[in-house]
Structures are given as structure tokens and as C-alpha cells.
């Protein structure tokens, strides 16, 4: 669903790391995108998979998740530095973008949005 809703996509500027407040804002945007699609989806539990990054494990994030009843799956123990979903998604992106030189950061962002918009749900 997120690839169809640009408001639910957050791309940080180059060399900027996400912090807890930004991550909670991303969760707000995702929740709003789900509500725009269909409010009935929020009657069921939303399930996320987090790693142990600070924005994911911070008290503010945990309070946000508890307030909205979203469930978090435990991170796989065999590869704590990389979620399996990242391997699949970013491997495909790396193959798609390999060798392309972008003139600007905006060109890269546009290509990423275009790529996400054209992914089929069965890709995930």
C-alpha cells in the first residue's frame, strides 16, 4: 500500500540519519495513508518488523505503537544487522539502479518513487 501513496513515503536528505521524532512522524504518515485507503484495515492489527535501531526501540516509538495497537515482530536473530526484507528489497533496487549516474538528489528520489510505484504486491 505504501508504494501507492507518496505521503506515506519519507526520503531523508543525503547524509541525514532518522531520529525518533522523525520515525514517529513517518508512522503518523503511514497511519494516515492506511486511513485514507480504508478505515477497516485499522480494525485489524498492523504488524511491523523492526530491528534494534534507536528510533525503533525508543520509548516514544514504543508508546506510539502501544497507543495505536500496532504489533512488532521480533527481529531475526540470525542476521541482527539486516532484516531479511531489506535483503530482498535493496538487492532488487541495487540491481535496478546499478550504473546509473544521477545529476541531482532529486533525480534519484524521482527514480526511487517511480520504481516503488511499479512494484507489484507479489514482489513483497
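In the numbering used here, the protein residues as written are 60 to 183.
Glycine is no exception: its CB is placed at the ideal position from the N, C-alpha and C atoms.
{"query": "Exposed unless 16 or more other CB atoms sit within 10 angstroms - verdict on residue 49", "result": "Missing from the structure shown is residue 49; the chain here goes from 60 to 183 and no further."}
{"query": "Proximity to residue 117 [Cα-Cα], best of 82, 154, 160 and 173", "result": "82"}
{"query": "Residues sharing a beta bridge with residue 108, DSSP", "result": "132"}
{"query": "Residue environment, residue 165, which counts as buried when at least 16 other CB atoms sit within 10 Å", "result": "exposed"}
{"query": "Residue 162 (DSSP reduced to helix, strand or coil)", "result": "coil"}
{"query": "Beta-carbon proximity check, residue 134 vs residue 155, cutoff 8 Å", "result": "no"}
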